[in-house]
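Working notes, structure below.
Residue numbers (my numbering): -6 to 162.
What follows is the structure, given as structure tokens:
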């Protein structure tokens, strides 16, 4: 097993003195999702601590302990509210059926966190975030190179990670 001394993308941000390669990392995360989804795997817990940075400043998806394989239900994952679809019911998470859309939504939050160094709506309570997400109200990403792509992920406008990757390119 490889050791990634830069840690996850949140930790690497504090170590890297040069500009963070946002677009490169977004593309590589999308490529990783395309690959795992093609193998019938849904990550189910995609968030910044689960994306590691190599010495060459590439990113690697990590922590597949809570992943779903071939549609199997997952009972041991509890992703943060800001990285979950608003349809996720925390009281019924053991029966929740994860889909590719869960990973795509979480990917939007990962990019937001990467660019801003904060979780989406970090200053809000979980209940407020759920209400905002359910109403289709997401943080402003206008003016970002991939801001529109991030918002489209949250709004469910992509059917798969390959479409996200195409828009990032």
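In this text, a Cβ means the ideal position worked out from N, Cα and C, and glycines have one as well. Small disclaimer: the values here were computed from a predicted structure and weren't measured.
Query	Result
Can you find the residues in the same chain that come closer than 8 Å, C-beta to C-beta, to residue 162, ignoring five residues on each side of it along the sequence?	20
Taking only the alpha-carbon atoms, compute the straight-line gap between residue 3 and residue 46 and give it to the nearest angstrom.	9 Å
Would you identify the three-state DSSP class for residue 54, choosing helix, strand or coil?	strand
Compare the C-alpha of residue 35 against each of 94, 14, 16 and name the closest.	94
Could you give the DSSP three-state label for residue -1: helix, strand or coil?	coil
Are residue 44 and residue 103 close, meaning C-beta to C-beta below 8 Å?	yes
Can you list, in chain order, the residues of its chain whose CB lies under 7 Å from that of residue 5, leaving out five sequence neighbours each side?	-1, 46
Between which residues of its own chain and residue 155 is the CB-CB distance below 6 Å, once the five residues before and five after are set aside?	27
What number of angstroms, rounded off, separates the C-alpha of residue 61 from the C-alpha of residue 91?	7 Å
Of the residues 109, 121, 153, which one's Cα is nearest the Cα of residue 136?	109
Three-state secondary structure (DSSP) at residue 13?	coil
Taking the beta strand (DSSP E) that residue 45 belongs to, which residues open and close that run?	44 to 46
Pull the bridge partners of residue 142 from the DSSP assignment, please.	Its beta-bridge partners do not exist; DSSP assigns none.
Using a Cβ-Cβ cut-off of 7 Å (strictly less than) and excluding sequence neighbours within five positions of residue 146, which residues of its own chain qualify?	97, 98, 100, 101, 157
Using the DSSP secondary-structure output, state which residues sit across from residue 62 in a beta bridge.	34
By Cβ distance, which residues of its chain are closer than 7 Å to residue 123, with the 5 residues on each side in sequence left out?	74, 79
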